[in-house]
Amino acid sequence: MKVDDEVVEVVENAAAQMRDGVALRSDVYRPRHAGPLPVLVCRTPYGKRGETFGSAYAPTARGLARRGYIVVVQDVRGRYASSGVYRWLYGAEAAATHAQDGYDTIEWAATLPGSSGIVGTWGNSYDGYTSLRAAGAAPPSLSAVFASGVAERLHDETFGIFKPIYLEWTHAMAADLRARADKLAARSAAASSPDVWTLPYDAIDGDAFADLTAPFKRFLREQEIDRWALHETQPNIRVPVCHLTGWWDYVCRGTAAHYTGLRQRGAAGLHELHRLVIGPWSHRTGRSAAGVGAVDYGPAEHVYYHDEIADWYDYAFKGEDPGSYGSGAVKLFVLNENRWHFYDSWPVPWTQDTRFFLHSRGAANTPHGDGHLSMTEPAASKPSRYIYDPGDPVMSLSTWSSRAIDQSVNDGRQDILVYVTEPLESSLLVIGDASCTLWASSDAQETDFTAKLVEVRPGGRSIELAAGILRTRFLDGYESAVQLEPGTPYELTINLGPVGVRFESGSRIRLDISSSDFPNFDRNHNTGMDYWSDTELRPAHQAVYSEAHRPSYLTLPVCQHS
2 MKVDDEVVEV VENAAAQMRD GVALRSDVYR PRHAGPLPVL VCRTPYGKRG
52 ETFGSAYAPT ARGLARRGYI VVVQDVRGRY ASSGVYRWLY GAEAAATHAQ
102 DGYDTIEWAA TLPGSSGIVG TWGNSYDGYT SLRAAGAAPP SLSAVFASGV
152 AERLHDETFG IFKPIYLEWT HAMAADLRAR ADKLAARSAA ASSPDVWTLP
202 YDAIDGDAFA DLTAPFKRFL REQEIDRWAL HETQPNIRVP VCHLTGWWDY
252 VCRGTAAHYT GLRQRGAAGL HELHRLVIGP WSHRTGRSAA GVGAVDYGPA
302 EHVYYHDEIA DWYDYAFKGE DPGSYGSGAV KLFVLNENRW HFYDSWPVPW
352 TQDTRFFLHS RGAANTPHGD GHLSMTEPAA SKPSRYIYDP GDPVMSLSTW
402 SSRAIDQSVN DGRQDILVYV TEPLESSLLV IGDASCTLWA SSDAQETDFT
452 AKLVEVRPGG RSIELAAGIL RTRFLDGYES AVQLEPGTPY ELTINLGPVG
502 VRFESGSRIR LDISSSDFPN FDRNHNTGMD YWSDTELRPA HQAVYSEAHR
552 PSYLTLPVCQ HS
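Residues 2 to 563 in this note's numbering are what the sequence shown spells out, letter by letter.
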């Protein structure tokens, strides 16, 4: 079926036959009265017309077509209009399936009417994953990749901790499978059932997730295993890749890691051609990035996704540069300056890791306590203590689709330690990976510690810039479990991820320490038991130390040029 407008014609459900005979269906968007043109391919499990999450595939595809490209949006194997059996993203078979189907689709797209034979791919999140898996298969017609919001490794986003938001995501993904199996009544019941959100996770009703139930439960038990592992494909990628993410994208650190990994391990001769873009966005980069949050960072946060994609391909395929991709390999939007900076590498040069030490007289609880940050090393001090109760966790304010959220809602909680600088006398430019080093103890054998970097603006709003979490069982890595000696201080390092901000004169730098960020991350039950089958929730008594022989500190990469 064809759908036309004055500029773009659409061929719906065009069939591409895979090597095993399975037909995958695509909508093909083509500029009228033009050609031959490059083809841009997106392969998605979410429905090529946005059936799962209402994603704006059609507007993005039309926008790209108006910029002079043939655009293919395809339902991946076993999803919506495409035949075959769906292989769940976190299952063992997914990587090979997406690589092979991506290869076959790209070669098919190169032969479409009006095609120049030059093919690129695009996609955000899962769709970015399918792009990179296809690139790792090295299809001969592929000439470049645009992948946004996709991490190099699963642990870049999970830290080995189950994210309960995957329950919502998997339930939404199962809708198409339930419909295929004619289980609409079960779908309705599961959507309204509180059992989906209660403990233990292992007791999830099979009808809730249809055919995804078995792989989902296997995934629950294997958080220490990296099911993503895109670093494995890097030596086989033989085309330039543009990586795009946002400062509030929960896979920002992983997207930057894939960029640096590709430069280090990718095919020779391409290292300088890869690009990294970090803007004032969240994980929902695939939509028009309208201002959603407490701060408006200007016109750059209101860009259209199709323009970011087209700017890259105008540069890669046409020798044009509307997006300034020739100005530097790394393009960063600096918050509060509200302008783009260009660099030749990530991490950026000319930064100095600067320590801001935690100080307290033992009562750093809440912003009204005695916790403060300074560059002065600590002397003798008392530890600050709090009780982490997994039955009453600190609730996530910044989630996968939000950004620039004011944190003051949680300011009254006694289970959050707050350390803050004096108002800055001059501005401070920070670009790079932030981290937090803590000396901490617990009376539990296993627990979590969280850290959050916050900008306290002169008007009083407290804006989260970056956050991280550490599960103590992974102190020695994901391969073995560590049990704490109750009451014994341990040195912990929490990776907060990339930041790019100018702290203005009069603002303050704040660090929040706690033990939960729910439902961004599963609550640690503090029992040391398997969390997927354990229903006991045990409070833990936590202490954070900062003294001469056990200094705790925030590390920020401060730019030496301003």
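Quick reminder that beta carbons are idealized off the backbone N, C-alpha and C, glycines included.
In chain order, which alpha helix (DSSP H) runs of at least 4 residues are fully inside the region 332-393? The alpha helix (DSSP H) runs of length 4 or more contained entirely in the region 332-393 do not exist; there are none.
With a CB to CB cut of under 7 angstroms and the five nearest residues on each side skipped, what residues in its chain are close to L200? Leaving aside the five residues that flank L200 on each side, the residues in its chain whose CB is nearer than 7 angstroms to its CB run, in chain order, T536.
Segment contact, 8 angstroms Cβ cut-off, at least three pairs: the region 138-149 with the region 227-240: Yes, the region 138-149 is in contact with the region 227-240.
Spatial neighbours of T489 within its chain, please: C-beta separation below 7 angstroms, excluding the five flanking residues on both sides. The answer, listed in chain order, is S442.
State yes or no: is the C-beta of Y314 within less than 8 angstroms of the C-beta of A145? Yes, the Cβ-Cβ distance between Y314 and A145 is below 8 angstroms.
Among residues of its own chain, excluding the 5 on either side of N14, which ones have a beta-carbon nearer than 8 angstroms to its beta-carbon? Hits under 8 angstroms: M2, R26, S27, D28 and A82.
State buried or exposed for A191, treating a residue as buried only when at least 16 other CB atoms are found within 10 Å of its CB. The predicted position of A191 is uncertain, since its pLDDT is 37 and thus under 50; no value can be drawn from it.
Could you please give the first and the last residue of the uninterrupted alpha helix (DSSP H) stretch that includes Y554? Residue range Y554 to C560 is occupied by the beta strand (DSSP E) that includes Y554, with no alpha helix (DSSP H) assigned at that position.
Let me know if I495 comes out buried or exposed under the rule of 16 or more other beta-carbons within 10 Å of its beta-carbon. Flag for I495 reads buried.
Kindly indicate the opening and closing residues of the alpha helix (DSSP H) around I310. DSSP places I310 in the uninterrupted alpha helix (DSSP H) bounded by Y306 to K319.
Residues of its chain near R386, where Cβ-Cβ distance is below 6 angstroms and the 5 sequence neighbours each way are ignored: Cβ neighbours of R386 beyond the five flanking positions: A544.
N-terminal and C-terminal residue of the alpha helix (DSSP H) that F450 is part of: In the DSSP assignment, F450 falls outside any alpha helix (DSSP H) and within the unbroken beta strand (DSSP E) covering D449 to V457.
In angstroms with no decimal places, state the Cα-to-Cα distance between L471 and V421. Between L471 and V421, the C-alpha separation is close to 21 angstroms.
With a 10 Å radius around its C-beta and 16 neighbouring C-beta atoms as the bar for buried, classify H275 as buried or exposed. By the neighbour-count rule (16 or more Cβ atoms within 10 Å), H275 is buried.
Where does E10 fall in DSSP's three states? In the structure shown, E10 sits in a strand (DSSP, three-state: E or B).
Taking all protein chains shown into account, decide if S516 is buried (16 or more other Cβ within 10 angstroms of its Cβ) or exposed. With 16 or more other Cβ atoms within 10 Å, it is buried.
Does the region 442-459 come within contact of the region 503-520, defined as at least 3 CB pairs closer than 8 angstroms? The region 442-459 makes contact with the region 503-520, as at least three CB pairs between them are under 8 angstroms.
Could you give the first and the last residue of the continuous alpha helix (DSSP H) run that contains A257? It spans C253 to R266 - the alpha helix (DSSP H) in which A257 sits, taken as one unbroken run.
Thinking C-alpha only, which one of Q415, E378 and K383 is nearest H369? Checking every option, the nearest Cα to that of H369 belongs to Q415.
For F160, collect the residues of the same chain with a Cβ closer than 6 angstroms to its Cβ; drop the 5 residues on either side in sequence, then sort them by chain order. I470.
At which residue ranges does the region 71-147 contain complete alpha helix (DSSP H) runs of 4 or more residues, listed in the order of the chain? Counting only runs of 4 or more, we get 95-110 and 127-137.
If we count Cβ pairs, one from each stretch, closer than 8 angstroms, do we get three or more for the region 110-117 versus the region 84-97? Short answer: they don't touch.
Give the C-beta separation of L425 and R509 to the nearest angstrom, bearing in mind that I take them to be a contact with Cβ-Cβ under 8 angstroms. With a Cβ gap of about 7 angstroms, L425 and R509 count as contacting.
What do you get for G433, buried or exposed, if any count of 16 or more other CB atoms within 10 angstroms of its CB means buried? Looking at its Cβ environment, which holds 16 or more other Cβ atoms inside 10 Å, G433 is buried.
Leaving aside the five residues before and after S126 along the sequence, list all residues of the same chain whose C-beta is less than 6 angstroms from its C-beta, in chain order. Result list for S126: G150, in chain order.
If I follow the unbroken alpha helix (DSSP H) through H156, where does it start and stop? Element bounds for H156: H156 to T159.
Relative to the C-alpha of G69, which candidate in P60, V42 and G36 has its C-alpha closest? Among P60, V42 and G36, the Cα nearest to that of G69 is on G36.
If you draw a straight line from the alpha carbon of A215 to that of P165, how long is it in whole angstroms? Answer to the nearest angstrom: the Cα atoms are 17 angstroms apart.
DSSP on V296, reduced to helix/strand/coil? Residue state, collapsed to three classes: coil.
Under the assumption that V457 contacts E465 (Cβ atoms under 8 angstroms), give the Cβ distance between them as a whole number of angstroms. With a Cβ gap of about 11 angstroms, V457 and E465 do not count as contacting.
Between the region 526-536 and the region 310-330, can you find at least three pairs of beta-carbon atoms closer than 8 angstroms? Taking 8 angstroms as the limit for Cβ pairs, the verdict is that the region 526-536 does not touch the region 310-330.
With distance defined between alpha-carbon atoms, name the residue in F522, W341, F163 and G320 nearest to G329. Minimum Cα distance to G329 is reached at W341.
Which of the three DSSP states, helix, strand or coil, is assigned to S193? Residue placement at S193 is poorly supported in this model, since its pLDDT is 40, which falls under 50; the coordinates are not used for a value here.
Helix, strand or coil, according to DSSP, for V410 in the structure here? Helix.
Alpha carbons only, please: which of M376, C243, Y298 and G64 is nearest the one belonging to S325? Closest option to S325, Cα to Cα, is C243.
Out of E492, V410 and A482, point me to the one whose CA is closest to G461's CA. Of the listed residues, the one whose Cα sits closest to G461 is V410.
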